[in-house]
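Number 115 in UniProt numbering belongs to position 115 of the sequence shown; there are no gaps in the numbering. Built from N, CA and C at the ideal position, the CB exists for glycine as well. All of these numbers come straight from a predicted model, not from anything done at the bench. Structure record follows, encoded as structure tokens.
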Amino acid sequence: MIGGATEGAPGPRARVATLTLHPALDQTVTLERLTPGAVHQAEGMRFDAGGKGVNVAAFLADAGVTVAATGLLGEDNAAAFTALFAAKGIEDQFVRVPGTTRINVKLVETSRRETTDINLPAARAPVEALDELDRRVLALAERCAWFVLAGSVPAGVPPDVYADIIARLRARGCRVAVDTSGAPLAHALSAAPDLAKPNRAELEQLVGEPLPTLAEVARAARDLRRRGPRLVVVSMGAEGALFTGEEGAWLARPPAVGVATTVGAGDALVAGLVASLLRGDGLEQAARRATAFAAAKVGRVGPHLGPADAVRALEARVDVHSFRED
């Protein structure tokens with residue numbers, strides 16, 4: 001069975017659509033310290049609808065952007081996703097497929113402020129579901145200014161899937177951001193997305209060498225732009241993010257904040273960037289706002305930004321300056 005009673009119904013005209021081919025139900029277990037081979041007493045546990053595109057949609061909705069979310073979703077454990085979309089006013093365009101959405105386990109150590117991820121595999125995507133998803137993506141392209149294609153690619157989906165989608169969306173006048181890694185990212189770059197957002201490790205994997213200095217990261221990002229994207233953003237955790245585009249390169253460093261979990265910080269960065277570009281901000285201001293979104297996210301577990309005034313206060317504390325390799 002494909003589809004369901006709640007998905008597929010048009011909502012208010014969305015300005016952004018996100019695509020998540022490989023969503024996950026995130027199980028977050030909080031404990032003081034993780035010791036391999038030991039028995040642990042957890043401090044708490046929760047489930048959250050997750051997946052990179054789902055997170056981006058949630059953060060955009062928190063920022064007041066009208067957004068639709070699509071992708072593939074197992075119908076047996078879709079309740080958390082349905083509830084999230086309803087609570088945040090996200091237009092649900094997910095294709096329901098038989099079975100369950102994968103569960104990813106996040107082990108959050110409070111003493112060291114570190115997170116260990118255990119990502120489980122998912123079932124192969126049914127061909128008929130991919131056909132229905134293709135129809136929904138093209139329908140959304142008729143009314144959305146931006147698309148965010150985010151996350152890994154499940155079994156049964158070719159690694160050039162994002163490249164194909166980008167080409168068709170660009171032909172319809174949509175702007176496209178892509179946040180993935182490995183072969184899907186390498187293929188996607190050839191289709192010239194408007195925005196590519198690898199993290200430092202993903203960029204190193206792509207170029208095939210370590211990038212220990214900011215100057216080396218900047219050179220790799222500049223070279224990446226020559227492969228197609230107009231804007232390349234490299235997220236680097238607590239070091240901030242490097243934004244490289246036609247206006248030059250900007251390094252944005254987040255303010256010091258309490259960290260509940262770093263899971264989803266990169267997705268918040270993408271959401272803040274798209275929200276800023278939607279309103280016509282230049283790259284410097286977009287870098288500031290995107291970094292504030294990421295800083296707001298790390299203080300909260302789950303796909304939530306928090307109050308708008310708190311995000312604005314963080315935005316004022318972000319350190320942004322022009323970056324030159326020399």
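Element boundaries [alpha helix (DSSP H), containing residue i]
| i | result |
| --- | --- |
| V127 | V127 to A141 |
| A313 | A308 to R317 |
| G182 | G182 to L189 |
| I166 | V161 to A171 |
| D223 | L214 to R225 |
| L84 | A79 to K88 |
Residue burial classification, residue i (beta-carbon count within 10 angstroms, cutoff 16)
| i | result |
| --- | --- |
| T35 | exposed |
| S322 | exposed |
| D319 | exposed |
| Q41 | exposed |
| A155 | exposed |
| S111 | exposed |
| T70 | buried |
| S276 | buried |
| R33 | exposed |
| T20 | buried |
| E315 | buried |
| P229 | buried |
| E247 | exposed |
| G173 | exposed |
| I166 | buried |
| A86 | exposed |
| R279 | exposed |
| I118 | exposed |
| T213 | exposed |
| V274 | buried |
| R288 | buried |
| G258 | exposed |
| D131 | exposed |
| P303 | buried |
| E202 | buried |
Sub-7 Å separation of residue i and residue j beta-carbons
| i | j | result |
| --- | --- | --- |
| L169 | V176 | yes |
| V67 | V137 | no |
| V56 | V148 | yes |
| W250 | E204 | no |
| A125 | L72 | yes |
| A61 | V95 | no |
| T291 | A265 | no |
| P184 | V232 | no |
| A49 | K88 | no |
| F293 | A313 | no |
| A163 | A186 | no |
| V178 | R200 | no |
| D76 | G51 | no |
| P254 | G245 | no |
| A260 | V207 | no |
| A296 | L305 | yes |
| A221 | L211 | no |
| K106 | D26 | yes |
Beta-carbon separation (whole angstroms), residue i vs residue j, contact threshold 8 Å
| i | j | result |
| --- | --- | --- |
| T262 | G299 | Incorrect: roughly 11 Å between the Cβ atoms, too far for contact. |
| T180 | A150 | 7 Å |
| L84 | N104 | With 8 Å as the limit, L84 and N104 do not qualify as a contact, their Cβ atoms being about 15 Å apart. |
| A218 | L242 | 6 Å |
| E43 | T30 | 5 Å |
| A188 | L224 | Not a contact, Cβ separation roughly 11 Å. |
| A24 | T101 | 6 Å |
| F47 | A80 | 6 Å |
Bounding residues of the beta strand (DSSP E) (the contiguous stretch that carries residue i)
| i | result |
| --- | --- |
| F47 | G44 to G50 |
| E202 | Premise fails: E202 lies in the alpha helix (DSSP H), R200 to V207, not in any beta strand (DSSP E). |
| S152 | Segment: none, S152 is in no beta strand (DSSP E) and carries neither H nor E. |
| L120 | L120 -> no beta strand (DSSP E), and no H or E assigned at all. |
| D26 | A24 to L31 |
| K106 | I103 to E109 |
| residue 359 | With the chain running from 1 to 326 in the structure shown, residue 359 is simply not present. |
| residue 341 | Here the chain has residues from 1 to 326 only, and residue 341 is not among them. |
| D179 | R175 to D179 |
| L34 | It is not in any beta strand (DSSP E) - L34 carries neither H nor E in the DSSP assignment. |
| V301 | Premise fails: V301 is in no beta strand (DSSP E) and is neither H nor E. |
| V233 | L231 to S235 |
is_contact[residue i, chain C] using C-beta, thresh 7 Å
| i | result |
| --- | --- |
| F85 | Going by chain labels, chain C is absent from the structure shown, which holds only one protein chain. |
Unbroken stretches of the beta strand (DSSP E), 3 residues or longer, contained in the segment 241 to 287
List check, beta strand (DSSP E) in window: 241 to 245 and 248 to 253.
Curious, which full-length beta strand (DSSP E) runs of at least 3 residues does the segment 52 to 76 contain?
Runs of the beta strand (DSSP E) inside the segment 52 to 76: 67 to 74.
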